[in-house]
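These notes are about the structure you will find just below.
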Amino acid sequence: MDLFSQVKSTIERYKMILPGDTILAGVSGGADSVALLHLLNRLKEELRFKLYAGHLNHMFRGEEAEGDARLVESLAQQWSIPLVNESINVPEYLRKHGLSPQAGAREVRYLFFEKNAGIIGANRVALGHHADDQAETVLLNLIRGSGISGLGGIPPVREGRYIRPLLDTRREQIELYCKASGIPYRMDSSNLKTVYLRNRIRLELIPLLEGKYNPAVVKSLNRLAGIARDEDEYMDSVARAAFGDVVQYREAGRVMISIEKIESLPPAIRRRVIRMACMETAGFGGMPSFGHVEAVWELAESQVRQGKLDLPGGLRLLKRYRFLEIITEKEGRQVPFYRHKLQIPGSTVIPEIGRVMVSRVLEVSQAGDPRQYCDQEALLDLDSIRGTVLVRKRMEGDSFYPLGMKGKAKLKKFFIDLKVPREDRDAIPIVTCGNDIVWVAGFRPDRRFIVTETTGACLHLKLLESCRGC
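Anchor point for the sequence shown: position 421 equals 440 in this note's numbering, and the numbering is continuous, going up by one each time.
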């Protein structure tokens, strides 16, 4: 099967693209990403989707990175593909946030995708990971002592939004496709530096395994990843059900867990629930290691009535008697009054609380089941929202009609009933239209603005951590 047919088959197998979708393709300038852009451009008429290219200059490699940007701009122009092009000083971002180059670059990259997908109305982001990347990831996670989630490697589709059409193809196929099609691409010199473990796996370990142990080791590792993902998905479904039971309350920057309830769970599910709590609070930047998860549980079952523990992603764990609280480092900060016009579609920075609200306009067919979205997201009936939409700090006398509750509720009493600490309430963004609250971000939408059977267009809102320079 040629590469074009293989990629089309992968897209259809995982339902990556549907008619009417808008795709933002991440293009670094390397062979995999430029081949992906070329293939998607060939497929866009047949599969009936809109295509944009997105390039982020991380400002790591000086003139070499500038050359990457020039190539991507040239190809996008040659193929008549609209381009979103940005430069962000990632080294400075790493210094400010104390992150490793890999973790910081990934964080900034995904914030770039989220922000710009919102601006252009893209409901999918296509990335160029391939089968060799998958094999490297599985081995990397295995060496680090990962559990079943790590052995699942890179998912073909994540969050119904990030798609990887090249995941079933080999690097060699991609490079041959570029050569046969006359597509120029760039080489990232940092990929040849064996100071990085991933590079050593690619340049040294996999060739050793292929030469002396199993010529088809990349195929075998990809098969292992598929099996692990299936089993991981089942375990996650069990953990999600348990998560809803053990969490006492949750809102932007805070999750409280009952120790009594979580200690009754099997260890495998308990670990997942703790990871979910961290990621609920800080996104992927808050993904704890196995050691951190074990340290959380060690504190939970200790005789200490009150204690604390620092976690990745600027998180802190507080033990308060029979409860665990996972909070961000912004806890207790004084918040000045703010009121910002919400960009629809687009990205609205809320500097007063260090957050970004991204909005997208979707057709009902694109939006899916509203229940699939997390607390940091809302799916609303755009037709029922009239006039200027604002995001602001709470105000005295605020009230709304919370989804799932009867009648009208004062916002202050709503927070009290959910035991939201007083010092945290000002950092919760309130989305309004006219005199009406539309969404209490991280908690509930107003039921007058939810999606119904008569909804024509949807407004999708997502609250993200802010990225300086985005």
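Think of the CB as a built atom: it goes at the ideal place given N, C-alpha and C, for glycine as much as any other residue.
Being a predicted model, the structure only gives us computed values, none of them experimental.
{"Query": "Within 9 Å, strictly: CB atoms of cysteine 477 and valine 383", "Result": "yes"}
{"Query": "Burial state of arginine 32 (16 or more Cβ within 10 Å)", "Result": "exposed"}
{"Query": "Buried/exposed call for threonine 407, threshold 16 Cβ in 10 Å", "Result": "exposed"}
{"Query": "For threonine 407, the first and last residue of its enclosing alpha helix (DSSP H)", "Result": "It is not in any alpha helix (DSSP H) - threonine 407 carries neither H nor E in the DSSP assignment."}
{"Query": "Of the listed residues Ala50, Val26, Glu396 and Gln192, nearest to arginine 61 (C-alpha basis)", "Result": "Val26"}
{"Query": "Delimiting residues of the beta strand (DSSP E) encompassing threonine 347", "Result": "342-347"}
{"Query": "Three-way DSSP call (helix, strand, coil) for asparagine 218 in this model", "Result": "helix"}
{"Query": "Proximity winner among Gly48, Ile363 and Val312, relative to leucine 399 (alpha-carbon distances)", "Result": "Ile363"}
{"Query": "The stretch 305-323 in contact with the stretch 99-112 per 3-pair CB rule at 8 Å", "Result": "no"}
{"Query": "Beta-carbon proximity list for glycine 461, same chain, < 7 Å, skipping 5 on both sides", "Result": "Glu270, Ala271, Asp394, Gln395, Ile447 and Leu482"}
{"Query": "Anticipated Cβ contact below 8 Å, glycine 147 with aspartate 51, distance rounded", "Result": "4 Å"}
{"Query": "Where asparagine 135 falls: helix, strand or coil (DSSP)", "Result": "helix"}
{"Query": "Contacting residues, own chain, Cβ-Cβ under 7 Å from arginine 183 (five flanking each side not counted)", "Result": "Leu146, His148, Ile173 and Pro175"}
{"Query": "Limits of the unbroken alpha helix (DSSP H) element including threonine 156", "Result": "150-162"}
{"Query": "Length of the line joining the Cα atoms of tyrosine 129 and lysine 412", "Result": "27 Å"}
{"Query": "contact_flag[the stretch 183-194, the stretch 260-267] where n(CB pairs < 8 Å) is 3 or more", "Result": "no"}
{"Query": "Where serine 256 sits in the DSSP three-state scheme", "Result": "helix"}
{"Query": "Through-space distance from tyrosine 392 to asparagine 233, alpha-carbon basis", "Result": "42 Å"}
{"Query": "Beta-bridge pairing of aspartate 87 - partner residues as DSSP gives them", "Result": "Note: aspartate 87 sits in no beta bridge, so no partner."}
{"Query": "Per-residue DSSP class, three states only, for glycine 373", "Result": "coil"}
{"Query": "Rounded C-alpha distance that separates lysine 134 from arginine 324", "Result": "42 Å"}
{"Query": "At least 3 beta-carbon pairs within less than 8 Å: the stretch 364-376 vs the stretch 416-435", "Result": "no"}
{"Query": "Nearest residue (CA-CA) to histidine 57, options Lys198, Met414 and Gly333", "Result": "Lys198"}
{"Query": "For alanine 4, the nearest candidate out of Asp249, Ile276 and Arg290 (CA to CA)", "Result": "This structure cannot speak to residue 4, because the chain is shown only from 20 to 489."}
{"Query": "In DSSP terms, what histidine 359 is bridged to", "Result": "Val410"}
{"Query": "Chain-order list of residues whose beta-carbon lies under 7 Å from that of arginine 248 (same chain, five-residue window excluded)", "Result": "Gly171 and Pro174"}
{"Query": "For methionine 275, the first and last residue of its enclosing beta strand (DSSP E)", "Result": "273-277"}
{"Query": "Whole-angstrom distance between methionine 275 and proline 285, CA atom to CA atom", "Result": "19 Å"}
{"Query": "Coil, strand or helix - tyrosine 268 by DSSP", "Result": "strand"}
{"Query": "As assigned by DSSP and simplified to three states, the class of glycine 45", "Result": "strand"}
{"Query": "Glutamate 155, buried or exposed, once every other Cβ within 10 Å from all chains shown has been counted against 16", "Result": "buried"}
{"Query": "Same chain, Cβ closer than 6 Å to lysine 429, neighbours up to 5 away in sequence not counted", "Result": "Ser418"}
{"Query": "Outcome for glycine 332 when other beta-carbon atoms lying within 10 angstroms are tallied against a minimum of 16", "Result": "buried"}
{"Query": "Neighbour-count burial assignment, glycine 48, 16 or more Cβ in a 10 Å radius", "Result": "buried"}
{"Query": "Any 3 or more C-beta pairs closer than 8 Å across the stretch 80-96 and the stretch 214-232", "Result": "no"}
{"Query": "Nearest residue (CA-CA) to methionine 35, options Leu22, Val53 and Leu66", "Result": "Leu66"}
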